[in-house]
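Numbering (the working numbering), first residue to last: 170 to 624.
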């Protein structure tokens, strides 16, 4: 049901793993898994070489490693991914006045130059866009185009990896009809089950329903919208995303925390990770929320809101630690998360004045139980600024750490132990580098900013 409108969806292919392969050239043709390497680690990203073996994002890392034992496992480098994402979005901003980011690695755009364009003209535009992204970043991207956001998103999935798919107006139903209903935005497990009870398993079957039947099952508002999407009618505008309502960070621990000292230390580290995002957005927070997950996956959440907002790390940490004391259950702690909300543009002075770690719990704190299982935050495990692991005297180097040597330059740790560390010295522009084994306490070796690997 064409209208002369063209929406594009650009999706970076296997983004986290592709950035690792870009900046660590030795890995460019090897299977790579990005995520936590501990017993509770989750895959944040998998290269296409790893996907061949069945590994994928959101899979437990242990399972992915069993499927692909030859994969190189690397910790996430959130700051690096954000920097590359900014490069991608800058290219898109040059192609269209309005860009709607969906995540770090995907976005919608509706270039005015394509209004009423032919399929051939859209293909030419999208080809040039993909080339511009590769020139700027060195990374592949897939692009889909259609008459609305839903079709553009589906088209980019069909184009993967590193491809282009334009859904012409006269083939919209041909593309949509065979897809499972879950392919439509807004259909989750509950809606999917309800539709399956009616025998509706494909988008085409949903489109064939009478609108009343769809709204009876899914509700008036959602049912009407999904019925329209199933028929290829998608008038939602491409619009810049509003400012985030909260910033947060969380960590799933390899071993349960069983002492309050360990919980307090973890809360401090996680609050610092959330605080970095708060500061980078030039905002302040009024609400602090702490989430504690037990080993049985039950989750306790406590929250506190003040009259004024602050960006002071010490103050926010003190509140988070106090809330954690009230939320820690009997037994071990599997996961801790800290979110900062009620965000304001400018941090006025004096939030939570006089509230230190020794204060008693606020009676207004909320205690709820939620059985939702969240993925660990890729950036919460990184350690230091921009996801860099800050090396301290006496601490062992970790595989995947970015390092800098006064003689050999930028590199990354491939392995360490017994007082030695093996470093592969290479960056994006160097080509595959040489591995050198050094003394772990080599005074010429230090931690480095991951952004140095983009050189």
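For every residue, glycine included, the Cβ atom is placed at its ideal position computed from N, Cα and C.
About 31 Å separates the beta carbon of residue 241 from that of residue 298, a gap too long to meet the 8 Å contact definition. Between residue 350 and residue 370, the C-beta spacing is below 8 Å. Annotation: residue 201 to residue 185 spans about 10 Å, alpha carbon to alpha carbon. Taking the CA atoms as reference points, residue 348 sits about 18 Å from residue 392. In this structure, residue 579 places its C-beta atom within 8 Å of the C-beta atom of residue 617.
Bridge partners of residue 508 according to DSSP: 417, 458. Here DSSP, grouped into helix, strand and coil, assigns residue 344 to helix. Given a length threshold of 3 residues, each whole run of the beta strand (DSSP E) inside the stretch 270 to 328 is given here in chain order: 275 to 278, 310 to 315. With fewer than 16 other Cβ atoms from the protein chains shown falling within 10 Å of its own Cβ, residue 221 counts as exposed.
Under the three-state reduction of DSSP, residue 181 is assigned to strand. Assigned with DSSP and collapsed to three states, residue 473 falls in strand. Beta-bridge annotation (DSSP): residue 571 is paired with 581.
257 is the residue among 284, 357, 257 whose C-alpha sits nearest the C-alpha of residue 312. In the three-state reduction of the DSSP assignment, residue 464 falls in the coil class. DSSP assignment within the stretch 334 to 395 yields the following whole alpha helix (DSSP H) runs of 4 residues or more, N-terminal first: 341 to 345, 358 to 366, 372 to 377, 380 to 387. As summarised for the stretch 190 to 274, the continuous beta strand (DSSP E) elements at least 3 residues long and confined to that stretch are 201 to 204, 212 to 215, 241 to 243, 268 to 272, given in chain order.
Using a C-beta cut-off of 8 Å, the stretch 449 to 462 makes contact with the stretch 482 to 498, since at least three inter-stretch Cβ pairs fall below that distance. Around residue 574, the same chain offers 613, 614 as residues with beta carbons nearer than 6 Å, after the five sequence neighbours per side are excluded. Sequence-distant partners of residue 251 (beyond 5 residues in either direction) whose C-beta falls short of 7 Å from its own C-beta, in its chain, are 273.
For residue 503, same chain residues with a beta-carbon under 8 Å away, outside a window of 5 residues either side, are 209, 421, 422, 425, 462, 463, 464, 466 in chain order. For the pair residue 451 and residue 480, the Cα-to-Cα distance works out to about 9 Å. For residue 605, the beta-bridge partners assigned by DSSP are 592.
For residue 615, the uninterrupted beta strand (DSSP E) run begins and ends at 614 to 616, by DSSP. It is roughly 8 Å from the alpha-carbon of residue 225 to the alpha-carbon of residue 216. For residue 503, the secondary structure class from DSSP, reduced to helix, strand or coil, is strand.
For residue 176, the secondary structure class from DSSP, reduced to helix, strand or coil, is strand. Distances from the alpha-carbon of residue 415 to those of 444, 302, 395 put 444 closest. By a beta-carbon distance limit of 8 Å, residue 316 contacts residue 174. Their separation comes to about 5 Å. The three-state secondary structure of residue 443, taken from DSSP, is helix.
In the DSSP secondary-structure assignment, residue 479 is bridged to 454. Residue 409 sits away from residue 499, with the two beta carbons spaced by 8 Å or more. Within the same chain, and ignoring the five residues on either side of residue 236 in sequence, the residues whose Cβ sits closer than 7 Å to its Cβ are 222, 223, 224. DSSP lists 589 as the beta-bridge partner residues of residue 586. Classified as exposed, residue 285 has fewer than 16 neighbouring CB atoms from the shown chains inside 10 Å of its CB. By the 16-neighbour rule on beta-carbons within 10 angstroms, residue 603 is exposed.
Ranking 249, 296, 398, 335 by CA distance to the CA of residue 346 puts 398 first.
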